[in-house]
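A.B. asks: The opening position of the sequence shown corresponds to residue 3 in our numbering, with each subsequent residue numbered one higher. For each residue, glycine too, the CB sits at the ideal point set by N, CA and C. Shown below is the structure under consideration.
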Amino acid sequence: MLPAPIPANDTERLRLLRELLILDTPPEERFDRIVSFAAEEFDMPIALISLVDEQRQWFKARVGLDACETSREISFCGHAIMQSDLFEVLDAALDPRFADNPLVIGAPFIRFYIGAPLALPSGATIGTLCLIDTKPRHFD
3 MLPAPIPAND
13 TERLRLLREL
23 LILDTPPEER
33 FDRIVSFAAE
43 EFDMPIALIS
53 LVDEQRQWFK
63 ARVGLDACET
73 SREISFCGHA
83 IMQSDLFEVL
93 DAALDPRFAD
103 NPLVIGAPFI
113 RFYIGAPLAL
123 PSGATIGTLC
133 LIDTKPRHFD
C-alpha cells in the first residue's frame, strides 16, 4: 500500500477546511440528498462526501457505509485530493497503491473507486464526492 502524498499546500488547505466549521457536524439533508442521488444515478453501493483533515477522512454524508471516518493514511480520497480532475481506480485489488489496503482486503472490500475533488474558490481541495463499488468496473 502506498499512502497518499501530502499536498504542498496542506497547511493552508487544512486551515481553510477548519474555517468552514463543517468537520464533525451532524448530518444535513442537503448533503445526504447528493450522495443518495449519486449512488442511485450511477448504480453504486457506496457514495460519500469525504473531507480530508490531518489524520483522517471524515464523511459528511454517506450511503452504503457504516463508518463515519477512516484514517487518512489508508484513504483513497487522500490520493484523489492530489488531482484537479476525477481520480479513478478500476480495480483496487490489482493497483499496487491499494492492493494490500485494509479497505480492499477487508470491509468494505473496495474494488472500484472514483472521486471528484471538492475545491474551494481558492483552489484548495478539501475532499471529494466519491463513488465506490465492491467489484471492478469502468465509470460510465
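Assuming contact is defined by CB atoms lying nearer than 9 Å, are A126 and L53 in contact in what I supplied?
C.D. replies: No. Outside cutoff.
A.B. asks: Look up E31 in the DSSP assignment and say whether it is helix, strand or coil.
C.D. replies: Of the three classes helix, strand and coil, the one that applies to E31 here is helix, per DSSP.
A.B. asks: Could you name each continuous beta strand (DSSP E) segment of 3 residues or more that falls completely within the segment 50 to 104, going from the start of the chain to the end?
C.D. replies: Qualifying beta strand (DSSP E) stretches, in chain order: 58 to 65, 71 to 73, 89 to 91.
A.B. asks: Report the three-state DSSP secondary structure of T136 (helix, strand or coil).
C.D. replies: Looking at T136 - three-state DSSP - the assignment turns out to be coil, as it is neither helix nor strand.
A.B. asks: Let me confirm a value: A10 is counted as buried when at least 16 other C-beta atoms fall within 10 Å, else exposed. Which label applies?
C.D. replies: Answer is exposed; the Cβ neighbour count stays below 16.
A.B. asks: Just how far apart, CA to CA, sit A2 and P110?
C.D. replies: As displayed, the chain neither begins before 3 nor continues past 142, which places residue 2 out of reach and without an answer.
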